[in-house]
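Counting from 0, one number per residue, gives the positions in the sequence shown under numbering that gives the first Met the number 0. Don't be surprised by glycine CBs; every beta carbon is placed ideally from N, CA and C. Since the structure is predicted, the reported quantities are computational estimates derived from the model, not experimental observations.
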Amino acid sequence: MRNLSVVRVFRGGMAGSAVAVLAACGGRGDVTQPPPVSAEVSLGATEYALLAGSQVSGRVRFPAAGAAGAQYLVVGQFATGTSGVSAGFTMGSAEFSTQPALLADRLADRVFQPADPRARFHDALRRWDSELVRAGRASGVRAAAAPPAPAPPPTVGSQRTFKVCASLDATGCATFDNVPATASYVGLHAAIFVDDSAPANGLGASDIAQLGRQFDDVLYPIDSAAFGAESDVDANGVVIVLLTKTVNALVPKPECDESFIVGFFLGADIFPSTRTQFNNGEVFYGFLPELSPPSTRCARSPATVKALLPSTFIHEFQHMISFNQHVLIQNGDTEVLWLNEALSHLAEELGGLHYDSLSNTSAADQFLVGNLYDAFLYLKDPSANAVVTESSTATLEERGGAWLFIRYVADRFGASVLRRLVQTASTGAANVVAATGTPLATLLGRWALAVYATDLPGFTPPQALTYDFWRFRAEYAALDISPRYGSFFDRPYPLVPSEQTGTAFSVGGTMKSGSGAYVLVTQAADGAGFDLTFRASDGNALPANAGAQLAVLRIR
């Protein structure tokens, strides 16, 4: 590739030191000695460079433009696999003499979502799974116990009582309900049980059979082909789906008016040291219709339940497969939150692409629109939202960014990379590096450029900076004018870089692990060159664990 050979790096001198950039204090124009030039950019149109380490410790010099002018996309990044990095930053030409314009101020119309109760709940379950596994390892549990003798699957009409998570605290499930239920559907891969106390006028037998056949015929094959096999610790040959109003009650009013939990998977049901205390088998939990619920709960129609359960099944099934592959087969830890959720959201996408290939738009939308919306929110202000996070993915923005990244990885390294990411004891950033054979910073840099460049009008990016299937500009432009979705997608394309002339500019804000800030620098014909700095908001060096990187693409 040409991405690094076109950059001249200056080493020695003051590179890497905490030297302040030219900056004003309170608008007085106070300045200090600028850092030395640490790299020079020399790119032809469509070429790109990823600058890191000593290359970005000082001023990065951009040359004067020729007769045709020039335009660069510059993305300042925290290209790190370390979770939880967050710091103020400024990025701009070294000649600026005013306080940096905050990207957050420039994007005043963005839509930030509060911590989502669905994400909070699922994050807590994934953390609890991890804590249970680590506690089991400490007590000597290393591998799955030998499977029992094969047992027949449940039969329609058979009854069973399940232990279902009914509330959470800081350590995991705090209370449980004992839920008697009856099998309504038994197929090749799934057995669906329904809470015996399910309200009347809910799902009929034909509705449940349709959900079961959809899992058996479509969702199960998609997930297992992409990621691998689930466990079968109860040796009954099927995954059990329990539909219960206990799930409906997990998010009470008023929160459930905005967001609610559709379903979940719990690793404790299949981990050797805990499974007999829980349901001792592979179980998904899903919500039920409630047309006249108690005053503490929100009503849910049968149509809503039938629309949302399939994408939940394919999402949670990835978690189940991941737990089996990482923990029970490889004797590793559970996958870290950001990557585990990214893969489950990609599973949803795979379901949508299946229906899209059949021109079944309404079914495809049920799987695809959620990811597109989350990604839309992320792209409105990418620097402010973490991509790499092991403690939480509790905002829709974070999940959207992680899905965008892992979809890019799958496009560039092929569908087989998904199995390599799941069928391993490795986790997080180390897992991505091992599965792709590529440094994480390189992947993050190329990805950051790809989300802008893939279908940029009049521009043909190098293949390394592209998505294969998605043309996000076209997709979001259609959603923006859609009668059904337009109110949620309020601009033709969410990623709007700060547009600058290259003479005197600065942007700033807060940057987090894996994220980046975008600037589009345009030089007029025969325009002067400029120097660019990427520093902490106080003018000092960015945190050492931030993996500070500039991804630069010359557009023209």
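In terms of Cα proximity to residue 76, the closest of 554, 555, 553, 545 is 545. Annotation for residue 511: the continuous beta strand (DSSP E) segment containing it runs 505-511. Taking C-alpha positions only, residue 47 is separated from residue 358 by approximately 37 Å. For residue 133, the number of other beta carbons within 10 angstroms of its own is below 16, and it is reported as exposed.
Distance from the CA of residue 186 to the CA of residue 237, rounded to the nearest whole angstrom, comes to 8 Å.
Nearest to residue 318 by alpha-carbon distance, out of 124, 72, 504, is 124. Counting only residues of its own chain and dropping the five nearest sequence neighbours on each side, residue 314 has a CB closer than 8 Å to the CB of 343, 344, 346, 347.
Exposed is the label assigned to residue 252, since fewer than 16 other Cβ atoms lie within 10 Å of its Cβ. A Cβ-Cβ distance of about 28 Å is found for the pair residue 189 and residue 330, leaving them out of contact under the 8 Å criterion. For residue 262, the secondary structure class from DSSP, reduced to helix, strand or coil, is strand.
With contacts defined by Cβ atoms closer than 7 Å, residue 289 and residue 116 do not form a contacting pair.
As for any alpha helix (DSSP H) of minimum length 4 sitting wholly inside the region 402-462, the runs are 415-421, 427-435, 439-452, ordered along the chain. Here residue 384 is buried: its Cβ has 16 or more other Cβ atoms, across all protein chains shown, within 10 Å. Here residue 194 is buried. Its C-beta has 16 or more other C-beta atoms within 10 Å. Spanning the alpha carbons of residue 171 and residue 74 requires a straight line of approximately 38 Å.
If only uninterrupted beta strand (DSSP E) runs of at least 3 residues are considered, those enclosed by the region 162-238 are 171-185, 189-194. Exclusion of the five residues before and after residue 62 leaves 528 as the residues of its chain whose Cβ lies within less than 6 Å of its Cβ. Residue 471 counts as buried, since no fewer than 16 other beta carbons sit within 10 angstroms of its beta carbon. Residue range 69-77 is occupied by the beta strand (DSSP E) that includes residue 77. Secondary structure at residue 37: strand, using DSSP grouped into helix, strand and coil. The region 490-507 and the region 34-45 do not touch, with fewer than 3 CB-CB distances between them shorter than 8 Å.
Rounded to whole angstroms, the separation of the alpha carbons of residue 72 and residue 512 is 20 Å. Rounded to whole angstroms, residue 168 and residue 522 show a C-alpha spacing of 55 Å. Nearest to residue 327 by alpha-carbon distance, out of 211, 231, 65, 411, is 231. The beta strand (DSSP E) runs of length 3 or more contained entirely in the region 265-329 are, from start to end of the chain, 282-285.
A direct Cα-Cα distance of roughly 29 Å separates residue 92 from residue 374. Bounds of any alpha helix (DSSP H) do not take in residue 495, whose DSSP letter is neither H nor E. Under the 8 Å Cβ criterion, the region 151-164 does not count as touching the region 291-309, having fewer than three qualifying pairs.
Separation of residue 246 and residue 282 (C-alpha to C-alpha, rounded to the nearest whole angstrom) is 13 Å.
Contact between the region 470-487 and the region 363-377 is present: 3 or more CB-CB pairs across the two stretches fall below 8 Å.
For residue 87, the uninterrupted beta strand (DSSP E) segment begins and ends at 85-92.
Per the C-alpha coordinates, the member of 55, 68, 53, 43 positioned closest to residue 520 is 68.
Under the three-state reduction of DSSP, residue 530 is assigned to strand.
Our two residues, residue 531 and residue 462, have alpha carbons roughly 27 Å apart in a direct line. Remark: three or more beta-carbon pairs, one from each stretch, lie closer than 8 Å, so the region 259-266 and the region 305-314 are flagged as touching. Collapsing the DSSP output to three states places residue 43 in coil.
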